[in-house]
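Remember, the numbering used here sits 217 above the position in the sequence shown when you count from 1.
The C-beta atom is built at its ideal place from N, Cα and C for all residues, glycine as well.
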Amino acid sequence: MKTLSVITASMLALSASAFAQNQTSVVLVHGAFADGSSWNNVIALLQKQHTEVIAVQLPLTSLKEDVAATQRAIARAHGDVVLVGHSWGGTVISEAGNDARVKSLVYVAAFAPDSGQSTADLAGSYPAPPGSAGIVKTTEGYLYLPPNVVSKDFAPDVKASTRNTIAATQGPIRADAFGEKVAHAAWHEKPSWYVVSKNDRMINPDLERAIAKIIHANTTELGASHVSLVSQPEGVARVIEQAVDGK
């Protein structure tokens, strides 16, 4: 009986190990003027599919430090990783996605700079969106959105109480981060998905479409504001699940 128990324990351990190796985890990277809670509605939907989900909390102090925070999250995940970035988070995953554990990338109304290109370079290649005029810079060099800009430009398609929460919990981003260049864009080697927000007032929707074409992404368009992950989480979760399934 003792021998049988040892064999059974060994088989269970091997089974658990195999499960971990075959499991795909989703790592979510938020954008500027936000934090990890911006993914809450998407997280709930993904967890219903028994998917392991980790939401990164970015320091928003530099591209290098945001990439490091994302790499720590990737290291915590089990098995392969689908790396998802919203807005500025797209720049972060373009660099962090070079990790061997990352099997695919999902961009949600996000920047995806090329190798040697910065977010500012990419944003400047198309006419500025309306919301950019409302960004405020502090004396310490950080950017944030006043509540009225959150309501009008950042998240106009969510209820007022949610807009108020977004404004209160936003993470100001160091302005210099937008000028930091991606060393090597992971989307050159990794399959990508892109969710375009057709009513985006923070990133030009035509720029989003151009980015999706450049990175050869499987593209979905949603009639949403910049925060489609908040206002239309079902559509965003569906695209992430496609990436998990490799379809």
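- Taking C-beta separations shorter than 6 Å and ignoring five residues to either side along the sequence, the partners of V366 in its chain run G351, following chain order.
- Within the region 332–363, complete beta strand (DSSP E) segments of at least 3 residues are found at 359–361, given in chain order.
- The alpha-carbon of Q240 is positioned some 46 Å away from that of T356.
- By a beta-carbon distance limit of 8 Å, A394 contacts S279. Their separation comes to about 5 Å.
- Nearest Cα to G463 within the set S414, S409, S442 and E425: S409.
- Under the three-pair Cβ rule at 8 Å, the region 287–301 counts as touching the region 319–326.
- Annotated three-state conformation of R391 is strand, per DSSP.
- Of the residues assessed, T308 falls on the buried side of the cut-off, its CB having 16 or more other CB atoms within 10 angstroms.
- Counting only the Cα atoms, E282 lies some 8 Å from L275.
- A buried status is given to T336, since no fewer than 16 other beta-carbon atoms sit within 10 Å of its beta-carbon.
- The shortest C-alpha to C-alpha distance from A441 to any of M419, N435 and A434 is the one to M419.
- If you draw a straight line from the Cα of H303 to the Cα of T287, it is about 13 Å long.
- Our two residues, T386 and Y361, have alpha carbons roughly 11 Å apart in a direct line.
- The secondary-structure analysis by DSSP pairs G302 across a beta bridge with V246 and Y324.
- With a cut-off of 8 Å on Cβ pairs, the region 398–409 is in contact with the region 328–348, counting three or more such pairs.
- For E282, the uninterrupted alpha helix (DSSP H) segment begins and ends at L280 to R293.
- Per DSSP, V412 lies in no alpha helix (DSSP H) segment; the continuous beta strand (DSSP E) that holds it begins and ends at S409 to S414.
- For K398, the three-state secondary structure derived from DSSP is strand.
- According to the DSSP assignment, E425 belongs to the alpha helix (DSSP H) that extends over P422 to I431.
- In this structure, G341 keeps its C-beta atom at 8 Å or more from the C-beta atom of D370.
- Its chain contains S442 as the residues whose beta carbon lies nearer than 6 Å to that of P373, once the 5 sequence neighbours on both sides are disregarded; these appear in chain order.
- Taking 8 Å as the cut-off, the beta carbon of L263 is found closer than this to the beta carbon of V243.
- Taking the Cα of A384 as reference, the smallest distance to any Cα among Y343, V447 and A251 is reached at A251.
- In this structure, the beta-carbon distance from D423 to Y324 does not fall below 8 Å.
- As the crow flies, the alpha-carbon of E425 is around 17 Å from that of Q449.
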